[in-house]
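Read in the UniProt record's numbering, the sequence shown has 30 at position 30, and its numbers run on one by one without any break.
C-beta atoms are modelled at their ideal positions from N, C-alpha and C, and glycine is treated no differently.
Since the structure comes first, as structure tokens, the remarks are kept for the end.
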Amino acid sequence: MMGGFFNGYGWVGSAFMILFWGLLCLLLIFGIVAGIVSLVRAFPGHGSRGGEKTTALDVLHERYARGEIGRDEYLERRRDLEQ
């Protein structure tokens, strides 16, 4: 009758099995972490530092578009910001 433990493969078979399952678990953990990171990056407004950075010139354009400031004030402030 063949093999007393691990179907005749002995310690070598168990070492390969431990290595295989260990690598499989590491790949699974890496996949889960990569998935979470990609989900967090997909929604930039919900992170601590996500989204596009708004410059002072962008704010000035928005205020002018909403009618909060007039054309003369807009042109003057834009000139100041571009210097």
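Separation of residue j from residue i, as counted between CA atoms
| i | j | result |
| --- | --- | --- |
| V33 | W21 | 18 Å |
| L26 | S38 | 18 Å |
| R41 | E62 | 26 Å |
| L75 | F43 | 35 Å |
| G13 | L23 | 15 Å |
| G70 | I36 | 46 Å |
| D72 | A65 | 13 Å |
Cβ-based neighbour list, residue i, same chain, cut-off 8 Å, excluding 5 preceding and 5 following
| i | result |
| --- | --- |
| R78 | L57 and L60 |
| G67 | none |
Nonlocal neighbours in the same chain, by C-beta distance under 7 Å from residue i, ignoring five residues either side
| i | result |
| --- | --- |
| L81 | A56, L57 and L60 |
| K53 | none |
| I29 | none |
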